[in-house]
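Residue numbers (my numbering): 1092 to 1213.
Single-structure report; data block below.
Here you go:
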């Protein structure tokens, strides 16, 4: 999934693997081959929520379109922008807030402009 820049599914798989009912399976995890544990560690590094998903944001910035961003981060950003900035300043529209919203939405739209070139399986 990382090879096709599908960060949304990467996040879903990572969250699923870190659920308590799965992470308690110590014997199962100990029998996983090292090459798969390396992939898990890479996912863990990219989807680390510390510093407001700093590693994910860096990976997304380096990603070449097409890509599917993790919508959870986009929605969090929009929520914080909306809650943390007033709509009006001195009776005038707060264009700085509108620009912040635009930046988040444009990041999503940029990745929608290019289609994946996946051949149909008959």
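Virtual Cβ for every residue (Gly too), placed ideally from N, Cα, C.
**OP:** Go through the segment 1096-1139 residue by residue and report every complete run of the alpha helix (DSSP H) that reaches 4 residues or more, in order.
**Re:** Entirely contained in the segment 1096-1139, the alpha helix (DSSP H) runs reaching 4 residues are, in chain order, 1098-1108, 1111-1114, 1117-1121, 1125-1137.
**OP:** From the DSSP output, read off the bridge partner residues of residue 1196.
**Re:** Indexing the chain shown from 1 puts residue 1196 at position 105. Paired residues: none, contrary to the question.
Original post:
Would DSSP call residue 1159 helix, strand or coil?
Top reply: Residue mapping note: residue 1159 aligns to position 68 of the chain shown, counting from 1. Residue 1159: strand per DSSP, three-state reduction.
Original post:
For residue 1146, which residues of its own chain have a beta-carbon under 8 Å away from its beta-carbon, when the five flanking residues on both sides are left out?
Top reply: Here residue 1146 refers to the residue found at position 55 of the chain shown. The residues are 1136, 1137, 1138, 1139.
Original post:
Which class does residue 1172 belong to by DSSP, given the choice of helix, strand or coil?
Top reply: In the chain shown, counting from the first residue as 1, residue 1172 sits at position 81. The three-state secondary structure of residue 1172, taken from DSSP, is helix.
Original post:
Can you tell me whether residue 1111 is buried or exposed, with buried defined as 16 or more other CB within 10 angstroms of its CB?
Top reply: For the purposes of this step, residue 1111 is taken as the residue at position 20 of the chain shown. With fewer than 16 other CB atoms across the displayed protein chains lying within 10 angstroms of its CB, residue 1111 is exposed.
Original post:
Candidates 1186, 1190, 1158: which alpha carbon is nearest residue 1204's?
Top reply: Translated into the one-based positions of the chain shown, residue 1204 becomes position 113. With distances taken between Cα atoms, residue 1204 lies closest to 1158.
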